[in-house]
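One structure is given here, and the rest of the page talks about it.
Residue numbers (our numbering): 8 to 702.
Here it is as structure tokens:
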């Protein structure tokens, strides 16, 4: 990544500017703009976040917002109500109040003497979400959006639920992290003597995030709010949508490309949950150059050429040896029009009783069906049976990678042994996959509540197994996510499990594997009882893979044409580089006597903010524990500590969250405390007992 120091415009920075709202609340903003913007007004680009402009995002903000300002924009970074230096309280995620505030912010920006009246929104994660949500409100000032690492469907593709399964790997983890942000005090430099009063008000009125999320176990109005998938037509401005294969939110990219009707571009790289110019795994790309071309087209009306290339560019990944960290994923850029890619067609592979995975047209004479049961229509079927092992899933890696060590899924072989695994013969030609793998399974279970998890893998000649994609489904949600229907034990059901969208090239000599299991800890909170899952094979169950249709000598199995390469990654350069330390470890242990499996993730991030000299430290520890053959032993414990050391007041916030369950209820406990210096100024404990709704 190179640092750019020369730009068309000289930049001025305003550390804090108050944006007044109609109810008397003031939102805090940091602004970078050309020094002559009042004389020659420019469009504005807004990033709207709860992550604290003065310390939490200060280093990252200084890399991209001065870049936009140097290219002729007013770059505006605003703290949400109740976070950072802004007044008020944050009551929850993506609430109506957040949208209403954003509409006022956009109107205020457009009315400033240094602004032309045209505004864009950019953001990843939370800022990617609210960019889409605000666009759906159709404010006249908003002319274009760049959304990265976000989703159009808050129930289907966020950190709370997946396929109707409660995400044990991220639900409490994110609730604890987000709670930490809301408990931190504002900066006395900008809010003055009232900073302590504001802090205590936040501590007394902290949002009930974990309680809210666990209380809504189906797709109800709570989740539909803020999900633009409820009405794609509400968005009327151009949208650039960006994702990464190591990130958790990439499923939204193809849906938005397919279903939006506005001018749009798509980009998927190999990256985790971060901006593409710093993307890990690499290659990182010159994303800020692309963003400026986008803003030039839609905010300034300049023909920048941004819309003349492919509508979607995707990094199709090659095989690598499985590892828990990859600095780079080899592959190639491909491009095409919107979604789905024209060259891709679904190819079915049949699950066989001999554990084979056989593509369409292959002979099955060498393994005749073994008739063991009847399907709903009365036809004989073959079946395989697996009893859920609670520790299955330890090789999965984290739900959402952030470019740190020990995050990526390792060799899948240990979990394959705990699953029903179906594998092809070695491939005689390369096959390029681009899209959603879908497992269409006929299953039955011995319990009214059960789940099924599937993993698509690339098995190398040496026997190691690389995770390509995965998905899961709470089987009580087989008819939809709004109204669960319990299973009738012993009854066969046809279900479809859609795995994460992926782009991957299988090499000659490699094998394709589908692994099926009724457990996937810690991603899926386990069903209340150990489940025996039956899978009908030799006909009823297939894996649909979106492979390239054309196979030519010049480009065998290629799903799309080569796309133009990006420019090198570059950012604006701060006068003084940030001093920072980032560490992450994952430790997996087994207490043989207690039969207790434990995963412990530990992170430490420390950085000095160049503009102020304050030292910000974040420490996070997440523990996931379960006992073999005892799904009710599942436990998640999340600890957080955030410290800020002067100049100015020293403060510290600590959080301990724990989640367990019995057969009928989930139990959530949160303890948090705040310290000024070494003096404790606040402490609170709160608990929730929440009935399980067929989860």
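A virtual CB, placed ideally from N, CA and C, is assigned to each residue, including glycine.
Residues near residue 643 in its chain [Cβ-Cβ closer than 6 Å; skip 5 each side]: 175, 179, 631, 666
Where the alpha helix (DSSP H) containing residue 72 begins and where it ends: 65-77
For residue 590, the nearest candidate out of 425, 421, 431, 413 (CA to CA): 413
Beta carbon of residue 294 nearer than 7 Å to that of residue 362: no
Exposure of residue 204, with buried meaning 16 or more beta-carbon neighbours within 10 Å: exposed
Residue 16 (DSSP reduced to helix, strand or coil): coil
For residue 397 and residue 12, the rounded distance between their alpha carbons: 54 Å
Beta-carbon separation (whole angstroms), residue 506 vs residue 548, contact threshold 8 Å: So it is not a contact: roughly 15 Å between Cβ atoms.
Residue 585 and residue 112 closer than 7 Å at C-beta: no
Environment of residue 620 [buried if 16+ CB atoms lie within 10 Å]: exposed
Whole-angstrom distance between residue 499 and residue 540, CA atom to CA atom: 10 Å
Residues near residue 220 by beta carbon distance below 7 Å, same chain, minus five either side: 167, 178, 182
Residue 608 versus residue 410: straight-line alpha-carbon distance, rounded: 14 Å
Simplified DSSP assignment, three categories, for residue 85: strand
Contained beta strand (DSSP E) runs [length at least 3] in the stretch 234-312, N- to C-terminal order: 246-251, 271-276
Assumed close pair residue 233, residue 140 - CB separation to whole angstroms, cut-off 8 Å: 5 Å
Residue 403 versus residue 530: straight-line alpha-carbon distance, rounded: 8 Å
Outcome for residue 329 when other beta-carbon atoms lying within 10 angstroms are tallied against a minimum of 16: buried
Inter-residue Cα distance where the pair is residue 217 and residue 675: 7 Å
Cutoff 7 Å; reference residue 19; Cβ partners in own chain excluding five residues on either side: 40, 42
Proximal residues to residue 684 (C-beta, below 6 Å), its chain only, five neighbours per side dropped: 657
Residue interval of the beta strand (DSSP E) (run including residue 424): Unbroken run through residue 424 is the alpha helix (DSSP H), 420-424; no beta strand (DSSP E).
The stretch 109-126 touching the stretch 43-54, judged by at least three CB pairs closer than 8 Å: yes
Backbone CA spacing between residue 690 and residue 94 [nearest angstrom]: 22 Å
Local conformation of residue 185 per DSSP, three classes: helix
Proximity winner among 206, 304, 256, 211, relative to residue 245 (alpha-carbon distances): 304
Extent of the continuous alpha helix (DSSP H) to which residue 142 belongs: 133-142
DSSP-derived helix/strand/coil call for residue 628: strand
Rounded Cβ spacing between residue 452 and residue 482 (contact assumed at less than 8 Å): 7 Å
Per-residue DSSP class, three states only, for residue 484: helix
Range covered by the alpha helix (DSSP H) that runs through residue 322: No alpha helix (DSSP H) contains residue 322, which is instead part of the beta strand (DSSP E) from 319-324.
According to DSSP, residues forming a beta bridge with residue 154: 130, 248
Cα-Cα separation between residue 517 and residue 439, rounded to whole angstroms: 12 Å
Under the three-state DSSP convention, the category residue 356 falls into: strand
Where residue 538 sits in the DSSP three-state scheme: coil
Continuous beta strand (DSSP E) stretch holding residue 553: start and end: 549-555
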